[in-house]
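One structure is given here, and the rest of the page talks about it.
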Amino acid sequence: GGGGGGGECSAAGGGGVGDGGGGGEVRRVASHLPPTYVMSSCADHMVPWHEGAEFTDALSCARAPARHLIYNHVLHSDFVMSWKPMSGAAASAAAAARRRAGPDGERDG
Numbered sequence: 001g002g003g004g005g006g007g008e009c010s011a012a013g014g015g016g017v018g019d020g021g022g023g024g025e026v027r028r029v030a031s032h033l034p035p036t037y038v039m040s041s042c043a044d045h046m047v048p049w050h051e052g053a054e055f056t057d058a059l060s061c062a063r064a065p066a067r068h069l070i071y072n073h074v075l076h077s078d079f080v081m082s083w084k085p086m087s088g089a090a091a092s093a094a095a096a097a098r099r100r101a102g103p104d105g106e107r108d109g
């Protein structure tokens with residue numbers, strides 16, 4: 001995953017960011033947001049993954065720090081109801097992967 005503007009900010013839900021239509025205010029507010037992680041699943045039919053991608057792109061267009069994580073075989077409620085903390089080797093591997101990831105979630109090099 002990883003959402004980035006892709007150069008289509010004004011057309012893809014940027015809401016006029018940067019075109020004089022209030023974009024400065026959107027960016028000012030967005031600069032105070034904490035990093036946002038949007039989690040989606042290909043199996044979630046209540047909120048399809050592409051809506052998470054659109055939301056992440058809109059945040060990125062406003063220059064808010066955002067990352068889209070897409071999972072497979074996870075139902076809508078599983079993110080909360082079936083969540084279990086990682087332990088041991090899985091947690092260490094996940095931490096190492098986060099350290100290697102660039103700011104938009106893509107691997108460096």
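Quick note on numbering: the UniProt record's numbering labels position 24 of the sequence shown as 24, and the sequence is numbered without any gaps. Where a beta carbon is used, it is the ideal one built from N, C-alpha and C, also for glycine.
Listed in chain order, the beta strand (DSSP E) runs fully inside the region 29-68 are 36-41, counting runs of at least 3 residues. Annotation: the continuous alpha helix (DSSP H) that includes Ser92 extends over 88-100. Excluding five sequence positions before and after Arg98, none of the CB atoms of its chain fall closer than 6 Å to its own CB. In the same chain as Pro85, and ignoring 5 residues on each side of it, no C-beta atom comes closer than 7 Å to its own.
The Cβ-Cβ distance between Leu75 and Val38 does not fall below 8 Å. A Cβ-Cβ separation of about 5 Å places Ala64 in contact with Leu33 under the 8 Å criterion. Take the alpha-carbon of Gly52 and the one of Arg27: they are about 20 Å apart.
A distance below 8 Å between beta-carbons, with the five flanking residues on each side excluded, links Trp49 to the following residues of its chain, in chain order: Ser40, Ser41, Cys42, Ile70.
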